[in-house]
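Please read the structure below before turning to the comments.
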Amino acid sequence: MYASSSIFKLLLAGVLVSVVYRFVCDRLYSNHKSDVSGTVDERFERVREVFKKNFENGWEIEGSAFAVFVDGKKVVDLWGGYADKQAARKWAEDTITVTFSTTKAAAALAVALLYEQGRLRYDDPVSKYWPGFGTHGRDNVTIQMALSHMSGMAWFDTPITEEIAADHDQMRKIIENEEPKWAPGTKTGYHAYTYGWLVDQIVRHTDGRKRGIGQFFREEIATKLEVDYHIGLPLSEQHRVARISTPNMLNRLDEMWTDVRVVKYMKSLIKLMTDHPLAHIVKNPSWLEAVSRCTINNPDYHRLEQAAALGMGNARSLASLFDKVNRGQLVNQATLNTISKPFVNESDFIFDDTVAKGHGFFHLPINRAGTQFGFGHTGHGCQMVITDLKNRVTIAYVTNGLKTGLYDLCRTYWGLQTSVYDLDDHRNRIENIRNEGAYKKENTLEQVDKLKERLTLICPEKEQTSISLSVASQSEEEKPKPPKLGSIDRRKSVMYDDSEDDSDNDSQIIETDVQLEEPTSVPVSIPATVPLPQPKPRQPIAITQPSLAPAMAERERIDSEIANLQNPTGGDSSGVMEPVVVQGNVFMAFEDWDPEAEGDLKLIKGKRYRITQTRVDGWWTALDENGQRGLVPKTYLQHVKDKPKTMPSKVSSRLGVRDSVIALTTTTTPKRREDRKSFPQSECLGKAFDDDVHLSLVCHMAPRLSTSNIGFHDLFWSHDKDQVFKRTIHISKIIRLVRFEKMPLIEHKALVRLALVDITNPKSTQVVSNVHTLVPRVKSSTWFFEKKESNTRSCIEFSDFVLRSNYSSPTVVLVIEASHIVKTPVGFEEKSLGHTYLRLIIADKAVPSRTNVLYLDDEIMSKMKMPEASKRRVLVQVMDVPKDKISYVDSLPDVIVFNALYLPFFHFYRRRAGTILIRDNKNPLSAVVVRSELE
Numbered sequence: 001m002y003a004s005s006s007i008f009k010l011l012l013a014g015v016l017v018s019v020v021y022r023f024v025c026d027r028l029y030s031n032h033k034s035d036v037s038g039t040v041d042e043r044f045e046r047v048r049e050v051f052k053k054n055f056e057n058g059w060e061i062e063g064s065a066f067a068v069f070v071d072g073k074k075v076v077d078l079w080g081g082y083a084d085k086q087a088a089r090k091w092a093e094d095t096i097t098v099t100f101s102t103t104k105a106a107a108a109l110a111v112a113l114l115y116e117q118g119r120l121r122y123d124d125p126v127s128k129y130w131p132g133f134g135t136h137g138r139d140n141v142t143i144q145m146a147l148s149h150m151s152g153m154a155w156f157d158t159p160i161t162e163e164i165a166a167d168h169d170q171m172r173k174i175i176e177n178e179e180p181k182w183a184p185g186t187k188t189g190y191h192a193y194t195y196g197w198l199v200d201q202i203v204r205h206t207d208g209r210k211r212g213i214g215q216f217f218r219e220e221i222a223t224k225l226e227v228d229y230h231i232g233l234p235l236s237e238q239h240r241v242a243r244i245s246t247p248n249m250l251n252r253l254d255e256m257w258t259d260v261r262v263v264k265y266m267k268s269l270i271k272l273m274t275d276h277p278l279a280h281i282v283k284n285p286s287w288l289e290a291v292s293r294c295t296i297n298n299p300d301y302h303r304l305e306q307a308a309a310l311g312m313g314n315a316r317s318l319a320s321l322f323d324k325v326n327r328g329q330l331v332n333q334a335t336l337n338t339i340s341k342p343f344v345n346e347s348d349f350i351f352d353d354t355v356a357k358g359h360g361f362f363h364l365p366i367n368r369a370g371t372q373f374g375f376g377h378t379g380h381g382c383q384m385v386i387t388d389l390k391n392r393v394t395i396a397y398v399t400n401g402l403k404t405g406l407y408d409l410c411r412t413y414w415g416l417q418t419s420v421y422d423l424d425d426h427r428n429r430i431e432n433i434r435n436e437g438a439y440k441k442e443n444t445l446e447q448v449d450k451l452k453e454r455l456t457l458i459c460p461e462k463e464q465t466s467i468s469l470s471v472a473s474q475s476e477e478e479k480p481k482p483p484k485l486g487s488i489d490r491r492k493s494v495m496y497d498d499s500e501d502d503s504d505n506d507s508q509i510i511e512t513d514v515q516l517e518e519p520t521s522v523p524v525s526i527p528a529t530v531p532l533p534q535p536k537p538r539q540p541i542a543i544t545q546p547s548l549a550p551a552m553a554e555r556e557r558i559d560s561e562i563a564n565l566q567n568p569t570g571g572d573s574s575g576v577m578e579p580v581v582v583q584g585n586v587f588m589a590f591e592d593w594d595p596e597a598e599g600d601l602k603l604i605k606g607k608r609y610r611i612t613q614t615r616v617d618g619w620w621t622a623l624d625e626n627g628q629r630g631l632v633p634k635t636y637l638q639h640v641k642d643k644p645k646t647m648p649s650k651v652s653s654r655l656g657v658r659d660s661v662i663a664l665t666t667t668t669t670p671k672r673r674e675d676r677k678s679f680p681q682s683e684c685l686g687k688a689f690d691d692d693v694h695l696s697l698v699c700h701m702a703p704r705l706s707t708s709n710i711g712f713h714d715l716f717w718s719h720d721k722d723q724v725f726k727r728t729i730h731i732s733k734i735i736r737l738v739r740f741e742k743m744p745l746i747e748h749k750a751l752v753r754l755a756l757v758d759i760t761n762p763k764s765t766q767v768v769s770n771v772h773t774l775v776p777r778v779k780s781s782t783w784f785f786e787k788k789e790s791n792t793r794s795c796i797e798f799s800d801f802v803l804r805s806n807y808s809s810p811t812v813v814l815v816i817e818a819s820h821i822v823k824t825p826v827g828f829e830e831k832s833l834g835h836t837y838l839r840l841i842i843a844d845k846a847v848p849s850r851t852n853v854l855y856l857d858d859e860i861m862s863k864m865k866m867p868e869a870s871k872r873r874v875l876v877q878v879m880d881v882p883k884d885k886i887s888y889v890d891s892l893p894d895v896i897v898f899n900a901l902y903l904p905f906f907h908f909y910r911r912r913a914g915t916i917l918i919r920d921n922k923n924p925l926s927a928v929v930v931r932s933e934l935e
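At position 480 of the sequence shown (counting the first as 1) the number is 480 in UniProt numbering, and the numbers step up by one without a gap.
See below:
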């Protein structure tokens, strides 16, 4: 015991002596003053202060650079410290450095460019372009999986020498002969070095000229966009490279002292001393080190086209590159929308940390911005590049004095990003930069055309009424001023207004002039608990109702109406004013709302306001009782017209459905559409439709009840129905069935049935949605699905479908049942091959967007026990709805499983999959089908 204590004391003393010795050496040989240079926009002076403090506090042990672009304008370009501290070589304007894993993001742009050129598709197997890769069970590895660190090729067992790394043909052979370290597609694990060699081969096999990643990036991206970034540095540029230094133990402890969370990165150092996968990654290639030693300073390595770790550039070049990507100078908007979406968001088993990945990028939360994620990449030692699509902000940071933490756990970087998005002292600086220059008013007719296109997406089977609007001349007082964009933390919209006039008369003037009728004293009941709706950032154009009086007479009429608003009955107006029902454009606020920008009008709960102008973005011009005029969010207003009544709505307390409807007219309760022939309820839902408490017109079997409901929102008032509707959508996702594996051989066609099922009672499960059918392509023991974007084909072949649910209970799950067609003496019968289910509510939150591996259970669905792992696997990808499809998807019913992306409306009501089948009593999802596609 005494001997052990003595040994411990000796070891502790040795560590302390080592730390002190290293600290003294640093002070003796590298105690130089650090200068900061560069330029910043005057609105970002605080960023310069934070950058300087990094050096003053001793947090920057060498040098660094930081750059910010806002919508194409360089607003921050700073550098400081030393490119080589021991040589007293200062960091210059053109200094470049190894950017480590931010190289992965730059290389991913090359793949995105090939995608846009039609050379590849992210969902295509790598073996389609590189047949040699399809060995060792990797034939189903897609390009997306390779870029998202899911290929299982996180490290190589074959030693990679410097000579092999420089020979792409030898690297190709090694990759083809390597076995994956886990089943591809089942989990994600960071491919620290191998990512670069995989991407290089993908580019070589898809580029028409067979160029490697370095040459392709230089010729197609760096040269054309004029960015100083290199994957494979020419020897002529080597003199500009900064010397990398690794942190000593004192530096690491100091970081942990600042933020204890950094200790999780210290755990990685422990993993390097074990048989952990991270140790295998770092040991091969053994000659490329940047943890304790720093062989990465070897100029010979800088010339390698290693697209995972050896990109060379600075903050300015990285920020400029991704700013141009953000603004569509490299790829078009459609491609940008594609690559900005994560593919997988689950724990990385290499680093034991959850990071959203996709298309070669990391998707990281921007806590203080108005967006949920920015995309880019972190890099070893605290390198960083990230672009924020919503606010058009791009940030980059590089340093040659490596740190322990990354991104928000890197104190030198996180303070800089926080200062960029600081809203306390610099609330409007980003918006001001984005709005510099002359304000250009958009054409009203173009806006109407866009509106009509959005309406067509919702109801393509209906002929839309032509609308023609022109801008009326207005006085200076009445003309809408160019709106001041909200700050970058402004709340997202849940409201889109639509043209509310369904008449055939063309409107020529946009100013509203509706005379108020004699009010009556009927109180308006307001829902007791209404969630605060969120207004939409305002658009620059306003579309309003027709005018019935000249604009010059507006002021006089308003004055007379103010008196009526203040005292509608002519009695005493003191005390609390009772809501009054009137005809026309008088609304009442059901919640308080404070102005957020210049020109807004304060709303007070219970007060009434006269709307004088409507706009397509949901911001209306209102007049209060005191004659004050301003913009208000439509979602805070309730129309005052007739005596309200409560519309019955089916609510399941067991499932937590919240689908309340408040009617302002005397319309009768909607009935089930049992008489509609295009609704085969009996075949589609069977007994569930007859006595299911979950099904009703407003909840399940009908589209949105208002033609003005273009986008998702919890509360809206329908001019057409004169009703207020409150909706709760817990799940709105795109689900992709990637494939079924290890399936048995079948004689006829295969079918996949999908539906929402309530499994609260295992003895009596219940289908609580429609049943969606897919027809897979069978190839041996694997089932695949079509990926089509055609308006003419049937949805049953598509792998993607929409899943919407307003059930808040975790016991409502998405059941996936595989079946096949069996010929019997009496006809064709559908037989189940097993089922599985995907949980939609996890810890009171919607299922995250990620790839899930599920296992089919042979038990019949009525027992509904949790499936156990088996050989029959289902790969299911959960995705967010694409931006260009949001308005269409949000127009669908609140509970639906349907491929709505490429088909006209109402097609989802028809369960069409093939030959008429005999229903399998053990398969609750089987049903009558009425087409001949299975024959």
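Where a beta carbon is used, it is the ideal one built from N, C-alpha and C, also for glycine.
Asked	Found
Where Asn626 falls, given that 16 or more other Cβ within 10 Å makes a residue buried	exposed
Beta-ladder partner(s) of Tyr837, from DSSP	Val815
For Phe828, the residue or residues it bridges with in DSSP	Lys823
Nearest candidate by alpha-carbon position, reference Asp800, set Thr773, Asn391, Ile175 and Leu833	Thr773
Buried or exposed (CB count within 10 angstroms, at least 16 for buried), Ser574	Reliability fails at Ser574, whose pLDDT of 34 lies under 50, so the model's placement of it is uncertain and the value that follows must be treated cautiously. Answer is exposed; the Cβ neighbour count stays below 16.
Rounded straight-line distance, which links the Cα of Asp388 to that of Val70	9 Å
Backbone CA spacing between Phe798 and Asn326 [nearest angstrom]	31 Å
C-alpha gap between Gly132 and Gly185, whole angstroms	19 Å
Beta-carbon proximity check, residue 985 vs Leu416, cutoff 8 Å	Residue 985 lies beyond the range of the chain shown here (1 to 935); nothing can be said about it.
Cβ-based burial, Leu402 [other Cβ within 10 Å; buried from 16]	buried
Beta carbon of Gln895 nearer than 8 Å to that of Ser809	Before going further, note that residue 895 is Val rather than Gln in the sequence given. No, they are not a contact pair.
Classification of His191 by the beta-carbon crowding that lies within 10 angstroms, buried from 16 upward	buried
Residues that DSSP places opposite His230 in a beta bridge	Met312
Assigned exposure category for Arg608 - 16 Cβ within 10 Å defines buried	buried
Exposure label - Leu364; buried when at least 16 CB within 10 Å	buried
Given 8 Å, three or more beta-carbon pairs between the region 119-132 and the region 158-169	no
Contact set for Ser299: own chain, Cβ-Cβ below 6 Å, skip 5 residues either direction	The amino acid occupying residue 299 in the given sequence is Pro; Ser does not appear at that position. If we look at Pro299 and ignore the five residues flanking it on each side, its Cβ neighbours are Gln238.
Residue range of the unbroken beta strand (DSSP E) whose run includes Asn345	Val344 to Asp348
One or two residues paired with His377 in a DSSP bridge	Val385
Beta-carbon proximity check, Lys885 vs Leu803, cutoff 8 Å	no
Gln877 beta carbon less than 8 Å from that of Val738	yes
CB contact flag (Thr188, His149, <8 Å)	yes
Within-8 Å CB hit, Ile213 to chain D	In summary, chain D is missing from the structure at hand, where a single protein chain is found.
Per-residue DSSP class, three states only, for Asp880	coil
Coarse secondary structure for Val111, derived from DSSP in three states	helix
Pick from Leu754, Leu310, Trp287 and Arg610 that is closest to Ile816, judged by C-alpha positions	Leu754
Through-space distance from Glu289 to Lys357, alpha-carbon basis	25 Å
Helix, strand or coil at Gln613 [DSSP, three-state]	strand
Bridge partners - His772, DSSP secondary structure assignment	Leu754
Per-residue DSSP class, three states only, for Ala47	Per the sequence shown, the amino acid found at residue 47 is Val instead of Ala. Three-state result, Val47: helix.
Cβ contact (3+ pairs, closer than 8 Å) linking the region 68-85 and the region 40-57	yes
Beta-carbon contacts of Asp624 that lie in its chain and below 6 Å, excluding the five residues immediately before and after	Tyr609
Alpha-carbon spacing of Ala65 relative to Trp593, whole angstroms	43 Å
Euclidean distance between Cα positions of His136 and His730	41 Å
Contacting residues, own chain, Cβ-Cβ under 7 Å from Leu304 (five flanking each side not counted)	Ala165, Ala166, Gly232 and Leu310
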